[in-house]
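Going down the list, the protein sequences come from chains A and L.
Note that the numbering used here has the first sequence beginning at 1, numbered continuously upward.
Note that the numbering used here has the second sequence beginning at 1, numbered continuously upward.
We put the beta carbon where it would ideally sit given N, CA and C, even for glycine.
One structure is given here, and the rest of the page talks about it.
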Amino acid sequence: MKNRLEEMRSQKGWTQQELADRVEVSRQTIISLERGRYNPSITLAFRLAHQFGVSIENLFIYSEEEDYE
Amino acid sequence: MNKNMEWINRQIRLGRILIAAGLIVIIIGIVLPGIVSGLQFNPRIITGIGIVVLGIGISYQVRFGPVVRDAQAARRLVSEERDERMQLIRGRAGYRAFWTAEALIYAGLMWVSFAESGSLPPVSTDTLWYFLAVAVIVPFIVFAVGMKLDQDRL
Chain A
1 MKNRLEEMRS QKGWTQQELA DRVEVSRQTI ISLERGRYNP SITLAFRLAH QFGVSIENLF
61 IYSEEEDYE
Chain L
1 MNKNMEWINR QIRLGRILIA AGLIVIIIGI VLPGIVSGLQ FNPRIITGIG IVVLGIGISY
61 QVRFGPVVRD AQAARRLVSE ERDERMQLIR GRAGYRAFWT AEALIYAGLM WVSFAESGSL
121 PPVSTDTLWY FLAVAVIVPF IVFAVGMKLD QDRL
């Protein structure tokens, strides 16, 4: 799943470690999320969206085609 | 004390219990042959189990001990331990290791059953020992390799 995590994190001026600390995951998880290699749980997606003050749909871009790959 | 520190302290206490239990088991393994004569098994097995338990206890101290006075480091360590991606990776590696162990044990069961019926040569104690050693080591290797692969992939 594509996402705007890196873009939004850069806008906030946060490092990957800072964002990881805020949502209580490892830095490696933030790296994997930004690279689109890992799709978060609904709880983590909510926590991330909450940090940026946006909705989940604004942060994560769902693609039906990608889902069936 | 916050929840992270409580969790870290719990792990350290668990580590101390494991160290104490490991030492007791090692001592039992060493003194048992002197107390009980004609043991039907090799007492080194008990000592070996004690060494493993002691090692796990020490690993807890090494991992959690240094962060006990650093709230930020403790928070980071707890986040890493409970990290959902890491849990997924461990789960996947465990799933692969479980099915590997299941296949090996099933193969062993079939082997012994066919040997019993005379379709295969009888299984010697030595062969059985080596087979069981493989059944212990191979799933562990599958687990470790699975962890590494998924850490790179996910």
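Tell me whether residue i is buried or exposed, calling it buried when 16 or more other Cβ atoms sit within 10 Å of its Cβ.
| i | result |
| --- | --- |
| L:R156 | Examination of residue 156 of chain L is not possible in this model, given that chain L is present from 1 through 154 alone. |
| A:T29 | buried |
| L:R85 | buried |
| L:I46 | buried |
| L:A97 | buried |
| A:S32 | buried |
| L:F41 | exposed |
| L:D70 | exposed |
| L:A107 | exposed |
| L:D126 | exposed |
| A:N3 | buried |
| L:F114 | exposed |
| L:S79 | buried |
| L:V36 | exposed |
| L:V67 | buried |
| L:V142 | buried |
| L:L39 | exposed |
| A:L44 | buried |
Using 8 Å for Cβ pairs, my map puts residue i next to residue j. What's the rounded Cβ distance?
| i | j | result |
| --- | --- | --- |
| A:L5 | A:E34 | 5 Å |
| L:L88 | L:I8 | That pair is no contact at about 23 Å. |
| A:R27 | A:Q17 | 5 Å |
Mind checking whether residue i and residue j have CB atoms under 8 Å apart?
| i | j | result |
| --- | --- | --- |
| A:N39 | A:M1 | yes |
| L:I19 | L:I51 | no |
| L:Y60 | L:L14 | yes |
| L:G55 | L:I12 | no |
| L:V25 | L:V53 | yes |
| L:R44 | L:G22 | no |
| L:R75 | L:N4 | yes |
| L:L120 | L:W111 | yes |
Quick check: the region 81–94 of chain L against the region 129–148 of chain L, are at least 3 beta-carbon pairs closer than 8 Å? yes
Tell me the start and end of each unbroken alpha helix (DSSP H) in the region 14–79 of chain L that is at least 4 residues and wholly inside, in chain order. Runs of the alpha helix (DSSP H) lying entirely within the region 14–79 of chain L, each at least 4 residues long, are 44–64 in chain order.
Please give the ranges of any alpha helix (DSSP H) in the region 30–60 of chain A, keeping only runs that are unbroken, at least 4 residues long and fully inside the region. 42–52, 56–59
Does the pairing of the region 48–56 of chain A with the region 18–29 of chain A give three or more beta-carbon distances under 8 Å? yes
Determine contact between the region 95–104 of chain L and the region 132–146 of chain L, defined as no fewer than three beta-carbon pairs at a distance below 8 Å. yes
Whole beta strand (DSSP E) elements within the region 99–140 of chain L, 3-residue minimum: none
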